[in-house]
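Input: a single structure, listed below in C-alpha cells.
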Amino acid sequence: MKSTFRLAAMSLLLPLLFAGAAFAAEKVDINTADAATLDEVLLNVGPSKAQAIVDHRKANGAFRSAEQLALVKGIGLATVEKNRDRIVVGGSAKSGGKASAAR
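Structure representation (C-alpha cells):
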C-alpha cells in the first residue's frame, strides 16, 4: 500500500518539478534586442512600444538601468516592474538580444 501511494505521489509531483522550468521567464537584454524580441519577451509591450524602446536607445544611447525604460513614451514604471525579472541591462554591443534564463 505504501509503495502504491509513493508511486502515485511521484507520478503527480514529477511533472510539477519539470513544469517550473517551462514557466521560468525568458530574459532580454534591452540594450541589444531588436523590436521583435522585445515584443516577444516583455509583458504589456507590443510592437509599437518595442520599436519605441529601440528608437529611444538609438537616439539616447544604451540604457544604464531597467528604470530608464520609463523614459520611453508609452512605458511606465508599472510595466518596468512587471518585467523586472525579464530585463537584463547589458552592454550596447550588437548581439541576438535574448539573454539566458539560467544563471
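Numbered according to mature numbering (1 follows the signal peptide of the UniProt record, and there is no 0), the sequence shown spans residues -24 to -1, 1 to 79. A virtual CB, placed ideally from N, CA and C, is assigned to each residue, including glycine.
| Query | Result |
| --- | --- |
| C-beta contact flag for Asp61 and Val30 at 9 angstroms | no |
| Separation of Ala26 from Asn20, as counted between CA atoms | 10 angstroms |
| The ligand COA heavy atom lying under 8 angstroms from the CB of Ile6 | Ligands are entirely absent from the displayed structure, and the ligand COA is therefore not among its contents. |
| Thr(-21) classed as buried or exposed, judged by whether at least 16 other C-beta atoms fall within 10 angstroms | exposed |
| Selection from Glu57, Gly67 and Ala1 that minimises the alpha carbon distance to Ala42 | Glu57 |
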